[in-house]
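Chains as they are written, first to last, in the numbering used here: chain A, 1 to 325; chain S, 1001 to 1325. Glycine included, each C-beta is placed from N, C-alpha and C at the ideal position.
Protein chains: 2
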Amino acid sequence: MIRVGISGYGNLGRGVEAALTLCPDMKLTAVFTRRNPQSLSIATPGVPVVAETEVAGYADQIDVMILCGGSATDLPVQGPAYAKLFNTIDSFDTHARIPEYFSAMDHALKESGHFGIISVGWDPGLFSLNRMMAGAILPDGHDYTFWGRGVSQGHSDAIRRISGVLDAKQYTVPIESAVDAVRSGQNPDLSVREKHLRECWVVAEEGADLAEIERQIVTMPNYFDEYDIIVHFISLEELRRDHSGMPHGGFVIRSGKTAQGESCTVEYSLKLGSNPQFTASVLVAYARAAARLAAAGETGAHSVFDIAPALLSPKTPEELRRTML
Amino acid sequence: MIRVGISGYGNLGRGVEAALTLCPDMKLTAVFTRRNPQSLSIATPGVPVVAETEVAGYADQIDVMILCGGSATDLPVQGPAYAKLFNTIDSFDTHARIPEYFSAMDHALKESGHFGIISVGWDPGLFSLNRMMAGAILPDGHDYTFWGRGVSQGHSDAIRRISGVLDAKQYTVPIESAVDAVRSGQNPDLSVREKHLRECWVVAEEGADLAEIERQIVTMPNYFDEYDIIVHFISLEELRRDHSGMPHGGFVIRSGKTAQGESCTVEYSLKLGSNPQFTASVLVAYARAAARLAAAGETGAHSVFDIAPALLSPKTPEELRRTML
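Below, the structure is given as structure tokens:
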């Protein structure tokens, strides 16, 4: 039985807790929180909620700690701290800072003799794996990644910060004609604007200047100014009724040629009813791999690239070969 | 530099030879054949063509041998024989006999201290990997595999054996409405007939009884009787002009639910201008992994499930994390 700890009980932490119920070989040992543990009621009966300050006392009771904090401020601090005590899994997703985070985690994990896998999820994660493998198999080709249709938390937050906005949800939408051109092997050069558009559902305060809010959205640097934008103003009731989910997904497409000149297209796509719940499911499968590799004496930081796929499955190698190969 | 041998110089062997030209870290050392070596002219200048009976003399000159024989009669004999002398890669694809073949290869490879990967390609191979990983991530779900649109060599051969048939090509065609039902998360129960149809392009001898040929095709047990069949009679010129390629592909779809009940669909799809050329490209990427694992002292038989994806790529782990994660 693989004993799992969860650090952080937001959407992702709750998703991990639920995903563990589908894994008969794994069990939740404790949930760690920075909040007052008494204030937190979790879904699993009989599992303790523990203040993060007490985590060291659990070093011998947990085989893998799944870190469910955010990448901006939580994981850069939390990751290396937990790595001193536990084997770890996290979903660090600030692509540009991965080398730096890897190095901090690798140092901490090796020093303490633990094993960790960073940046687990779907992007980074399964999408990275598919980009990498398709590129190794078809060296002569082009990669395309499209995201959506799905909710971007960062872009939704950016809209919410505009004065006069009560609430908002932003969907990243892949542009179908671009996806079709890529799928058909045309290898198009696509600008940022040609690949995705951004659709915004905005609840404004009563009497707010809607034209000014829309102007501020479409001209917002980094977040919106390079995209075509659709803005809808709706009521708070409509937002809650129609846009409370966190769907996401996307496509990774490699369009290439064999050395003898035949076109080949490799596509991996995800359509996710819930982004955090699916990410949690990926984290749990990789936690199984981490526990096995740690038990085999491996240490240091790794990514999905380094993990033999069989280790994700509860099935034995014989069963996998007989039923899945 | 990874030194590669090719055993068997049909479509697959020629594809491997070509794929190696896109890999600056690998080079072709020799091609081995059961034919008279003088009768064979290969594409790579300066590389020897050697009679299979002389293969033992190359044991120290080849890091990985890529076995390009067929699964029905070649590999069950060839595989274990080569495994006594070389690290091996093959595309053994008789799904039902994989456990038996694995066991023979594992025994031979371990006895000689070599490393091998069996059943490499896209199905078995990349499709297996996607079935297995999606199942480990979404334990509550259903798997669907569709093949095509593509040429089935076995079914084409079966038609050619009918009296009065000069030549034929058979395409396996996934039924779009079934694929759409699966993609939309309906988890349909699909019969064999509901998933694929078989389209046949047949060249008949002059004066042959076309109705009788068609009857023999559609009633042929195992090959055709469980499917809806479309038969077209065409001229030899038309067959050569329009059906000389070996395109193939397909989809692996896992349609599941997270533990909290949100639907998720994971799809992997291939659209291949040439089945043997793409298979060859997969073999070469896994040959790189085999050479690395053999150099690290690993032995015995493995499948794609056991290979960490990073080993397929010529890039360093640092480069992969920086550019692909």
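So residue i contacts chain A; which residues on that side make the cut at Cβ distance below 7 Å?
i               : result
P1076 (chain S) : Neighbours of P1076 (chain S) on chain A: none; closest Cβ ~16 Å, over 7 Å.
R1131 (chain S) : M324
L1022 (chain S) : P139, D140 and A259
P1309 (chain S) : L129, M132, M133 and F305
L1236 (chain S) : Near L1236 (chain S) there are no residues of chain A at all, since even the closest Cβ is about 24 Å away, more than 7 Å.
R1321 (chain S) : I98, P99, F102 and S303
Pull up the CB-CB distance for residue i and residue j, whole angstroms please, since I reckon it's below 8 Å.
i               : j               : result
V1218 (chain S) : L1166 (chain S) : With 8 Å as the limit, V1218 (chain S) and L1166 (chain S) do not qualify as a contact, their Cβ atoms being about 19 Å apart.
G1015 (chain S) : Q1277 (chain S) : 4 Å
R1122 (chain S) : L1270 (chain S) : It should be pointed out that residue 1122 (chain S) corresponds to Trp in this sequence rather than to Arg. Indeed they touch by this definition, with Cβ atoms about 6 Å apart.
I1229 (chain S) : R1198 (chain S) : 5 Å
E205 (chain A)  : G256 (chain A)  : Not really, about 51 Å apart at Cβ, beyond 8 Å.
S7 (chain A)    : E54 (chain A)   : About 12 Å; that fails the 8 Å criterion.
R331 (chain A)  : M1324 (chain S) : For residue 331 (chain A) there is no data in the structure shown, the boundaries of chain A being 1 and 325.
L1129 (chain S) : V1004 (chain S) : Contact flag wrong, Cβ pair sits at about 22 Å.
Residues of chain S with a CB under 8 Å from the CB of residue i: which are they?
i              : result
A204 (chain A) : Per Cβ cutoff of 8 Å: no residues; A204 (chain A) is ~30 Å from chain S at best.
F91 (chain A)  : In the sequence under discussion, the amino acid at residue 91 (chain A) is Ser, which differs from the Phe named in the question. Chain S residues near S91 (chain A): none, gap ~12 Å exceeds 8 Å.
A19 (chain A)  : T1258 and A1259
Exposed or buried, which one is residue i when buried takes at least 16 other CB atoms within 10 Å?
i               : result
K1169 (chain S) : buried
P80 (chain A)   : buried
N87 (chain A)   : buried
L186 (chain A)  : In the sequence as displayed, the identity of residue 186 (chain A) is Gln instead of Leu. Exposed is the call here.
M246 (chain A)  : buried
H1232 (chain S) : exposed
D1093 (chain S) : buried
T316 (chain A)  : exposed
M1 (chain A)    : exposed
K1084 (chain S) : exposed
D1157 (chain S) : exposed
T73 (chain A)   : exposed
A134 (chain A)  : buried
S177 (chain A)  : exposed
L1283 (chain S) : buried
R1240 (chain S) : exposed
V1338 (chain S) : Past the edges of chain S, shown from 1001 to 1325, lies residue 1338 (chain S), and the structure says nothing about it.
R254 (chain A)  : buried
Q38 (chain A)   : exposed
Run through chain A and tell me which residues come within less than 9 Å of residue i, C-beta to C-beta.
i               : result
L1012 (chain S) : Under the 9 Å cutoff, chain A gives no residues; its nearest Cβ is about 12 Å from L1012 (chain S).
Can you list the residues of chain S that residue i reaches, using a CB-CB cut of under 7 Å?
i              : result
A136 (chain A) : A1285, L1312 and S1313
R35 (chain A)  : Going along chain S, no residue has its Cβ under 7 Å from R35 (chain A), so there is no contact; the nearest lies around 21 Å.
P80 (chain A)  : Neighbours of P80 (chain A) on chain S: none; closest Cβ ~17 Å, over 7 Å.
Which chain S residues are close to residue i, counting only those with a beta carbon under 9 Å from its beta carbon?
i              : result
S71 (chain A)  : Here the premise fails: no neighbours, minimum Cβ distance about 13 Å.
S119 (chain A) : R1321 and L1325
G15 (chain A)  : T1258, A1259 and Q1260
Who are the neighbours of residue i on chain A, taking C-beta pairs under 8 Å?
i               : result
P1124 (chain S) : L325
Are the C-beta atoms of residue i and some chain D residue less than 8 Å apart?
i               : result
S1184 (chain S) : Absence of chain D from the displayed structure is noted, the protein chains being A and S.
Quick one: which residues of the stretch 1257-1287 of chain S get their C-beta closer than 7 Å to a C-beta of chain A? List them in chain order. T1258, A1259, Q1260, E1262, S1263, C1264, T1265, V1266, E1267, Y1268, S1269, L1270, K1271, L1272, G1273, S1274, Q1277, F1278, S1281, V1282 and A1285
Output, in sequence order along the chain, the residues in the stretch 1095-1116 of chain S whose CB is closer than 9 Å to any CB in chain A. Within the stretch 1095-1116 of chain S, the qualifying residues are H1095, I1098, P1099 and F1102.
Contained beta strand (DSSP E) runs [length at least 3] in the stretch 1123-1173 of chain S, N- to C-terminal order: 1141-1147
Cβ-based contacts, 7 Å cut-off: residues of the stretch 144-155 of chain A near chain S: So nothing in the stretch comes that close.
Near-chain A residues of the stretch 1180-1212 of chain S (beta-carbon distance less than 7 Å), N- to C-terminal order: Identification of residues in the stretch 1180-1212 of chain S having a C-beta nearer than 7 Å to some C-beta of chain A yields an empty set.
Whole beta strand (DSSP E) runs in the stretch 1213-1246 of chain S with 3 or more residues, listed along the chain? 1228-1233
Identify every run of the beta strand (DSSP E) within the stretch 1018-1049 of chain S, keeping only runs that are complete inside it and at least 3 residues long; order them along the chain. Runs of the beta strand (DSSP E) lying entirely within the stretch 1018-1049 of chain S and spanning at least 3 residues, in chain order: 1026-1033.
Suppose only complete runs of 4+ residues qualify. What are the alpha helix (DSSP H) ranges in the stretch 45-124 of chain A, listed by chain order? 74-83 and 98-112
What are the start and end residues of each continuous beta strand (DSSP E) run of 3 or more residues lying completely inside the stretch 1175-1216 of chain S, in chain order? 1196-1204
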